[in-house]
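Structure record follows, encoded as structure tokens.
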Amino acid sequence: EPEVTQTPSHQVTQMGQEVILRCVPISNHLYFYWYRQILGQKVEFLVSFYNNEISEKSEIFDDQFSVERPDGSNFTLKIRSTKLEDSAMYFCASSAALQTGQPQHFGDGTRLSIL
Amino acid sequence: GESVGLHLPTLSVQEGDNSIINCAYSNSASDYFIWYKQESGKGPQFIIDIRSNMDKRQGQRVTVLLNKTVKHLSLQIAATQPGDSAVYFCAENNRRGGSYIPTFGRGTSLIVHP
Numbered sequence: 001e002p003e004v005t006q007t008p009s010h011q012v013t014q015m016g017q018e019v020i021l022r023c024v025p026i027s028n029h030l031y032f033y034w035y036r037q038i039l040g041q042k043v044e045f046l047v048s049f050y051n052n053e054i055s056e057k058s059e060i061f062d063d064q065f066s067v068e069r070p071d072g073s074n075f076t077l078k079i080r081s082t083k084l085e086d087s088a089m090y091f092c093a094s095s096a097a098l099q100t101g102q103p104q105h106f107g108d109g110t111r112l113s114i115l
Numbered sequence: 116g117e118s119v120g121l122h123l124p125t126l127s128v129q130e131g132d133n134s135i136i137n138c139a140y141s142n143s144a145s146d147y148f149i150w151y152k153q154e155s156g157k158g159p160q161f162i163i164d165i166r167s168n169m170d171k172r173q174g175q176r177v178t179v180l181l182n183k184t185v186k187h188l189s190l191q192i193a194a195t196q197p198g199d200s201a202v203y204f205c206a207e208n209n210r211r212g213g214s215y216i217p218t219f220g221r222g223t224s225l226i227v228h229p
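Residue numbers (the numbering used here), protein chains in the order written: chain V, 1 to 115; chain P, 116 to 229.
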């Protein structure tokens with residue numbers, strides 16, 4: 001069964017540094033998402049992406065964050081000038097269609113640790 | 116407060132028993148609901164979904180019930196197995212802009228004792 005893959009599985013970064021989290025969505029999916037989950041808390045929506053542009057973003061997704069689909073397979077989340085509170089699991093997800101509501105398929109996440 | 120919440124943070128059952136995990140939602144306009152399972156160290160895994168024009172949907176060993184009158188969702192797992200041990204999230208989905216955006220509950224931890 002096709003799956004969403006994320007790299008790296010664990011990223012350790014000094015505060016203030018930039019990180020790029022990478023995702024390869026399921027190949028025929030059109031909608032892409034990033035979520036984060038702080039330890040012990042709910043999964044929180046960050047951003048959705050369709051047709052090479054952001055379609056929706058949450059209040060968490062401020063100017064520190066950006067997303068990009070640099071080629072036909074990768075979908076990246078960049079966090080500039082990381083802060084301690086950015087430490088969390090970051091999940092990428094993709095879905096096939098919008099109009100009828102399709103389930104999002106999640107990767108296994110990148111654990112981001114900011115020191 | 117949370118628009119989606121779970122009544123029980125932890126549910127312990129014996130192997131072979133049936134499990135019921137409950138979820139409340141607050142947005143009566145929500146029209147699409149999903150149950151996810153999250154095992155330790157992994158991402159949420161889709162289990163079953165239901166649209167608001169239905170009140171019941173069955174999958175393999177799982178059934179989702181939707182009561183729109185009281186804005187309540189439940190996940191029933193038949194003949195629970197140790198491999199079912201995980202955190203279960205419900206997510207209510209709302210159309211925002213160009214996307215269906217899920218709002219997740221905190222989750223219920225299901226513990227299955229052999």
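For glycine and all other residues, C-beta sits at the position ideal for the given N, C-alpha and C.
- Per DSSP, reduced to three states, the secondary structure at P/Asp164 is strand.
- Of all C-beta pairs linking the stretch 175-182 of chain P to the stretch 123-130 of chain P, fewer than three are shorter than 8 Å, placing the two stretches out of contact.
- In the structure shown, V/Glu53 falls within a strand segment according to DSSP collapsed to helix, strand and coil.
- At least one beta carbon of chain V lies nearer than 8 Å to the beta carbon of P/Lys157.
- Note that the C-beta distance between P/Tyr151 and P/Ala194 is not below 8 Å.
- With respect to chain V, the C-beta atom of P/Ile149 has a partner C-beta closer than 8 Å.
- In the three-state reduction of the DSSP assignment, V/Glu18 falls in the coil class, being assigned neither a helical nor a strand state.
- For V/Glu68, the enclosing beta strand (DSSP E) covers residues 65-68.
- The contact set of V/His105 on chain P, defined by CB atoms closer than 8 Å, consists of Phe161 in chain order.
- Taken in chain order, the complete beta strand (DSSP E) segments of 3 residues or longer contained in the stretch 118-195 of chain P are 125-129, 134-140, 147-153, 160-166, 171-173, 177-182, 187-192.
- Contact of V/Gly109 with chain P by beta-carbon distance below 7 Å involves Gly158.
- Taking 8 Å as the threshold, the shortest C-beta distance from V/Glu56 to chain P falls below it.
- Annotation for V/His10: Arg111 place their beta carbon closer than 6 Å to its own, counting only its chain and skipping 5 residues before and after.
- P/Asp146 and V/Asp71 have their C-alpha atoms roughly 33 Å apart.
- If you check the CB distance, P/Pro197 and P/Asn208 do not come in under 8 Å.
- Residues Val4, Phe32, Phe75, Ser94 of the same chain have their beta carbon placed closer than 6 Å to that of V/Pro25, with the five preceding and five following residues left out of the count.
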